[in-house]
Amino acid sequence: MALAELSAGPRRYRELERALSGVSQRMMTLTLRRLERDGHILRHVGPTVPPSVTYELTELGLSFADQVASLVIWSRQRKVEIETAQARFDGRSTK
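If you use numbering that gives the first Met the number 0, the sequence shown closes out at 94, no skipped numbers anywhere.
See below:
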């Protein structure tokens, strides 16, 4: 989902956080670090106080985002079903 958001152009961390509601700050940070490590995104730190952090896709990231676009569309279309399954799972007894 982060790749899908970044495929529209560079985004600041808070913009990504708002767009990917339901994702914890820790998971967001880990995901962005992993994508940066793998060469899919670039992280830019602006010379402001506090620092402004912007992320953008690299050429590798753009080509990868193209490959997973159908998965992103599918997951957005199935969001309600996925959330229903998660709620059912979370509510079941662990006895």
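Glycine included, each C-beta is placed from N, C-alpha and C at the ideal position.
None of the values given here were measured: they were computed from a predicted structure.
- When DSSP states are grouped into helix, strand and coil, residue 44 belongs to the strand group.
- As summarised for the stretch 34–86, the continuous beta strand (DSSP E) elements at least 3 residues long and confined to that stretch are 40–44 and 52–56, given in chain order.
- When secondary structure is reduced to three states using DSSP, residue 10 falls in the strand class.
- Excluding five sequence positions before and after residue 38, the CB atoms of its chain that fall closer than 7 Å to its own CB belong to 57 and 59, given in chain order.
- In the displayed model, residue 90 falls within a helix according to three-state DSSP.
- Cβ-Cβ distances below 7 Å link residue 63 to 2 and 39 in the same chain, with the five nearest sequence neighbours on each side left out; the list follows chain order.
- For residue 5, the enclosing alpha helix (DSSP H) covers residues 1–5.
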